[in-house]
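A quick write-up on the structure given underneath.
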Amino acid sequence: MRLALGLPFVLAGCAMTSPVPAPVSSTPVAVYAAGSLREVLTEIARDHEARTGQKLQLTFAASGLLRERIEKGEPAQVFASADTQHPQRLAAAGGWQAPQVFVRNSLCALTQAEVSTTPQTLLATLLDPAIQVGTSTPKADPSGDYAWELFRRADALQPGAYATLDRKALQLTGGPDSPRPPAGRGTYEWVMDQRQADVFLTYCTNAVAAQRQLPRLKVVAVPPALQVGAAYGLTVRRDASPAAADFAQALLQPPAQAAFARYGFGAP
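The numbering used here runs 335 ahead of the 1-based position in the sequence shown.
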């Protein structure tokens, strides 16, 4: 999958460096965001509400599914996607501003305790017929698209690797019909606790969160030759309230960027 870089982005005609507080709206700002942003964006939103008095309504799901819901008429005002393609598609159709990259992420391998692998041996582990490889669902969830890009990179290193990984990968999360974890359980921690996969390719931030919830899991870095950088795109509806533009601006400011960094996200 071709990964887009940052695009020009202007929110309600305001500069990104010196946000001016918007008037408080009586209607909560509807923010749709990638599931991998749940923890950090919940914290940022709480701080924003305390600072400005503006209420926010957060909706989290796979970015592709959120984009489809927006296209069907759901009233999102801010869309924070785990890629730039989904917000760019909204912008191309009209009604949404061109997206800007606001954070970055990387892929890691989340493994069961008994799986012995390192960054250097990760590809051999993924290709091992005895190893079940889990991913998210391509097209619905960018994490799945990034995993398939990793498979393409693997093929350049070892011809035939793509066909093997494409055939064996289990699309366990992020799809419209993917099973949901019980209340209070993290998606990736639950999937691995249920032993649906031996190795799960996901964002490093997700992998670290899952390990925190289930310490027996291991997080293995993806080697540079296979690594796929994830650029997260932010866009605002063109007719959104000033309060929506104000929140989107806040995500690019130092306090929010510091919060993203604490959760393991990279700078734009």
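No residue lacks a Cβ here, since even glycine has one placed at the ideal position from N, Cα and C.
Residue ranges of each alpha helix (DSSP H) run of no fewer than 4 residues wholly in the stretch 450-478, ordered along the chain?
457-462
Can you say whether L492 is buried or exposed, counting buried as having 16 or more other CB atoms within 10 angstroms of its CB?
The residue you call residue 492 lines up with position 157 of the sequence shown. Exposed.
What does the Cβ neighbour count give for A596, buried or exposed, with the cut at 16 atoms within 10 Å?
Position 261 of the sequence shown, counted from the start, is the residue given in the question as residue 596. Exposed, by the Cβ-count rule.
Rounded straight-line distance, which links the Cα of E449 to that of K376:
Position 41 of the sequence shown, counting from 1, holds the residue named residue 376. Position 114 of the sequence shown, counting from 1, holds the residue named residue 449. Here residue 376 is Leu; the residue named in the question, Lys, does not match the sequence. Approximately 33 Å between the Cα atoms of the pair.
Taking 7 Å as the line, does the beta carbon of V526 fall inside it for any heavy atom of the ligand HEM?
Summarising the ligand content, the structure contains no ligands, and the ligand HEM is consequently not present.
I need the DSSP call for G348, collapsed to helix, strand or coil.
Against the sequence shown, residue 348 aligns to sequence position 13. Residue confidence is low: G348 scores 38 on pLDDT, short of 50, so the model does not pin down where it sits. No coordinate-derived value is stated.
Just how far apart, CA to CA, sit A350 and A532?
Here residue 350 corresponds to residue number 15 of the sequence shown, with the count starting at 1. Here residue 532 corresponds to residue number 197 of the sequence shown, with the count starting at 1. In this prediction, A350 has a pLDDT of 39, which is less than 50 and means its spatial position is unreliable; what the coordinates show is noted afterwards. Their backbone Cα atoms lie some 46 Å apart in a straight line.
Thinking M527 and L552 are a contact (beta carbons under 8 Å), I'd like their distance in whole angstroms, please.
As a first step, residue 527 must be located in the sequence shown, where it is residue number 192. As a first step, residue 552 must be located in the sequence shown, where it is residue number 217. Sure, about 6 Å apart at Cβ, within 8 Å.
To the nearest angstrom, how far is it from the Cα of C539 to the Cα of A475?
Position 204 of the sequence shown, counted from the first residue, corresponds to residue 539. Position 140 of the sequence shown, counted from the first residue, corresponds to residue 475. Between C539 and A475, the C-alpha separation is close to 19 Å.
Please state the DSSP three-state secondary structure of S398.
For the purposes of this step, residue 398 is identified with residue 63 of the sequence shown, where counting begins at 1. S398 falls in the helix class under three-state DSSP.
With three or more beta-carbon pairs closer than 8 Å as the criterion, would you say the stretch 390-399 touches the stretch 366-382?
yes
Is the beta carbon of Y567 less than 8 Å from the beta carbon of V436?
For the purposes of this step, residue 567 is taken as the residue at position 232 of the sequence shown. For the purposes of this step, residue 436 is taken as the residue at position 101 of the sequence shown. Going by C-beta atoms, Y567 is nearer than 8 Å to V436.
In three-state terms, what does DSSP make of L376?
Taking the sequence shown and counting its residues from 1, the one referred to as residue 376 is at position 41. DSSP places L376 in helix when its eight states are reduced to three.
So, are the CB atoms of S471 and T537 less than 8 Å apart?
As a first step, residue 471 is located in the sequence shown; it is residue number 136 there, counting from the start. As a first step, residue 537 is located in the sequence shown; it is residue number 202 there, counting from the start. Yes, the pair counts as a contact, with Cβ atoms nearer than the cut-off.
What residue range is occupied by the uninterrupted alpha helix (DSSP H) comprising T522?
Numbered from its first residue, the sequence shown carries residue 522 at position 187. Unbroken alpha helix (DSSP H) run through T522: 522-528.
Considering only the beta carbon of each residue, do A578 and A357 sit closer than 8 Å?
Sequence index remark: in the sequence shown, residue 578 carries index 243 (1-based). Sequence index remark: in the sequence shown, residue 357 carries index 22 (1-based). Yes, Cβ-Cβ distance for A578 and A357 is below 8 Å.
Ordered along the chain, which non-local residues of its own chain (more than five positions away) have a Cβ less than 8 Å from that of S441?
Residue numbering aside, residue 441 sits at position 106 when the sequence shown is read from its first letter. Contacts found: Y538, C539, V557, Q562, V563, G564, A565, G601.
Name the two residues that bound the continuous alpha helix (DSSP H) containing L552.
Residue mapping note: residue 552 aligns to position 217 of the sequence shown, counting from 1. Where L552 is concerned, there is no enclosing alpha helix (DSSP H), given that its DSSP letter is neither H nor E.
Using the DSSP secondary-structure output, state which residues sit across from F414 in a beta bridge.
Here residue 414 refers to the residue found at position 79 when the sequence shown is read from its first residue. BP columns for F414 point to Y367, T570.
Any Cβ of chain D within less than 8 Å of the Cβ of L505?
Any reference to chain D falls outside this structure, which holds one protein chain only.
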